[in-house]
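Novice: Take a look at the following structure, please.
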Amino acid sequence: MAIQWIGRFLGVYGVPNQSNGENSIQQKLLGDLPLRNNIHSRNRYTGFRSKIAKCFGDCLPGAAKFLIDMRSDEQEKVYLWLSTMARTESNLVFEYVHSTERGLSFKEAEQRIKESGPNIPVGNLTSSWWEIFWNALWHPFNIILFVLAALCFIASDKSNGSIMVAMVIISVSVRFYQEFSSSMAALKLSELVKASIKVQRCAGRDVQTELQVQVDQKDVVPGDIIIFNAGDLFPGDVRLLSSKSLVVSQSSLTGESGIVEKLADVIEEPSTPLLELRNICFMGTSVVSGSGTGVVVSTGDKTYISTILSALGRRSPPHAFEKGVKGVSYLLICCMLIIVPIIIMVDYLTKKDLGRSILFGISVAVGLTPQMLPLIVNTNLAKGALGMARDKCIVKRLVAIQNMGA
């Protein structure tokens, strides 16, 4: 009953309140345009209840689905923005993105790159070194060893305490070095792969002339007019301006192998689902056949694919190997919490010496703990990653080695 009551309070089982940010976003982006029914039919969870839900997300049934259904204000802006572009005439789209039918000037494009940053989706950003270090350090076995090492130092058993601290340092160092070096190698490799996009830019002081130039995908900005043919990837979310027998594959978004026909001369209805918009092409999708032109309306973390990647990145599911190691760690903690107090109590009742009883209990806890286990696990995983690296395969997370060999 208590869990169900908390669940209703958080909105997991009950009906949530509408977020206060919806009206402001609607007024800011759409004015008096009607809202898309399919976007606003889903529940919104914001504010205090969402923060509490994240804290209880692991212990409440149905909380995982609850967290997935939450949509932030940034995601809401992306959805509403694309819906607006699909329902707007092409000449008005240029006003929304502050561009012209001739395209952006080189100076304006350079200024927008400085303001918005490179055109890189959220999921392609590399983790910082401190995030990798924290993931390597924050492990149940490491916590057990740190606690036991502290107890050993308190009990003047410096030799065992020093050994445990050394095991943790070596284990964390091995994992951090391997994952950090792999991330840097993957980053350098991604920098070598460049996708050229044909962009229309305008130049000239007195008379503006249209030029078609090739730019890197990372240098595409909102307002750019792109020209695409069969085999090209869309560098951002694009509102079509013209199309000729255009067929697009959206398998990178839907996972389905089907193809979709896109048309530039249509105005979508408010009830049209997002992925069924015929005049919008999404970042990451590719042209199967045909050709056309379009104006880029969103890049980087403002694209639809970035909302998917950010939602997936909120809580990555643990691997089977991680579950097994954590299960052993928690079992060991439970055993120590049950056995060690009993041993201390029995020893104190027989010998009437509390100090010696506590020291004996610490010794039993140290004996129950496999100090070498984290080091052995990380060393073997790192060895597998090095073997994969010799075959020109970069492993960014060591736990993936077990899945590849399973």
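If you're matching positions, the sequence shown starts at 699 in the working numbering and goes up one per residue. The C-beta atom is built at its ideal place from N, Cα and C for all residues, glycine as well.
Among Ser1055, Pro1039, Pro968, whose alpha-carbon lies nearest the alpha-carbon of Tyr1046?
Specialist: Cα-wise, what sits closest to Tyr1046 is Ser1055.
Novice: I'd like to check one pair, Val791 with Met783: are the Cβ atoms closer than 7 Å?
Specialist: Going by C-beta atoms, Met783 is nearer than 7 Å to Val791.
Novice: Which full runs of the alpha helix (DSSP H) of 4+ residues lie inside the stretch 786 to 834, going along the chain?
Specialist: If we require 4 residues or more, the alpha helix (DSSP H) runs fully inside the stretch 786 to 834 come out as 788 to 794, 804 to 814.
Novice: Output yes or no for whether 7 Å exceeds the beta carbon distance between Phe874 and Ala848.
Specialist: No, the Cβ-Cβ distance between Phe874 and Ala848 is not below 7 Å.
Novice: Quick one: residues in its chain with C-beta nearer than 8 Å to the C-beta of Asn1101, no 5 flanking neighbours on either side, listed in chain order?
Specialist: Within the same chain, Asn1101 has close Cβ partners His1017, Ala1018, Phe1019.
Novice: Could you spell out the range, first to last residue, of the alpha helix (DSSP H) harbouring Ile1040?
Specialist: Here the alpha helix (DSSP H) through Ile1040 covers 1018 to 1049.
Novice: For His796, count neighbouring Cβ atoms within 10 angstroms of its own Cβ and tell me buried if that reaches 16, exposed if not.
Specialist: When all chains shown are included, His796 counts as exposed.
Novice: With three or more beta-carbon pairs closer than 8 Å as the criterion, would you say the stretch 913 to 933 touches the stretch 891 to 900?
Specialist: Verdict: yes, contact present.
Novice: Counting C-beta neighbours from all protein chains within 10 Å, is the total for Cys850 16 or more, i.e. buried, or is it exposed?
Specialist: When all chains shown are included, Cys850 counts as buried.
Novice: Comparing the C-beta of Trp827 with each C-beta of chain C, is any distance below 7 Å?
Specialist: Considering every chain present, this structure includes no chain C. It has just one protein chain.
Novice: What are the boundary residues of the beta strand (DSSP E) that Ile957 is part of?
Specialist: Element bounds for Ile957: 957 to 959.
Novice: Would you call the stretch 1020 to 1036 and the stretch 952 to 968 in contact, with 3 or more CB pairs under 8 Å?
Specialist: These segments do not touch.
Novice: Hey, how far is the Cα of Ile867 from the Cα of Ile1092?
Specialist: Rounded to whole angstroms, Ile867 to Ile1092 spans 24 Å at the Cα level.
Novice: Please look up how many angstroms separate the CB atoms of Ser950 and Gly982, rounded, as I've assumed it's under 8 Å.
Specialist: Between Gly982 and Ser950 the Cβ distance is about 4 Å, and since that is below 8 Å, they are a contact.
Novice: Helix or strand or just coil, what does DSSP make of Ser880?
Specialist: Ser880 falls in the helix class under three-state DSSP.
Novice: Have a look at Ser984 and Asp963 and give me their C-alpha separation to the nearest angstrom.
Specialist: If I take the Cα positions, the gap works out to 20 Å.
Novice: Would you kindly work out how many angstroms separate the C-alpha atoms of Leu1096 and Val918, rounded to a whole number?
Specialist: Rounded to the nearest angstrom, the two C-alpha atoms are 34 Å apart.
Novice: Assuming Phe804 and Ala864 make a contact with CB atoms under 8 Å, what is their CB distance in whole Å?
Specialist: Rounded, the Cβ-Cβ distance is 58 Å, inconsistent with contact.
Novice: Suppose contacts are defined by Cβ-Cβ distances below 7 Å. Is Ile925 in contact with Thr997 by that definition?
Specialist: No, Cβ-Cβ distance for Ile925 and Thr997 is not below 7 Å.
Novice: In whole angstroms, give me the CA-to-CA distance for Ala1080 and Asp1051.
Specialist: Taking the straight line joining both Cα atoms gives about 46 Å.
Novice: Starting from Ser969, trace the alpha helix (DSSP H) in both directions and tell me its first and last residue.
Specialist: Unbroken run through Ser969: none, as it is neither H nor E.
Novice: Let me know if Leu1029 comes out buried or exposed under the rule of 16 or more other beta-carbons within 10 Å of its beta-carbon.
Specialist: So Leu1029 counts as exposed.
Novice: What do you get for Thr952, buried or exposed, if any count of 16 or more other CB atoms within 10 angstroms of its CB means buried?
Specialist: It is exposed - the Cβ of Thr952 has fewer than 16 other Cβ atoms within 10 Å.
Novice: Taking the C-alpha atoms as reference points, what is the distance between Gln773 and Glu799?
Specialist: Going by the C-alpha atoms only, they are around 28 Å apart.
Novice: With a CB to CB cut of under 7 Å and the five nearest residues on each side skipped, what residues in its chain are close to Lys1094?
Specialist: Excluding residues within five positions, the ones whose Cβ falls inside 7 Å are Glu877, Ser880, Ser881, Ala884.
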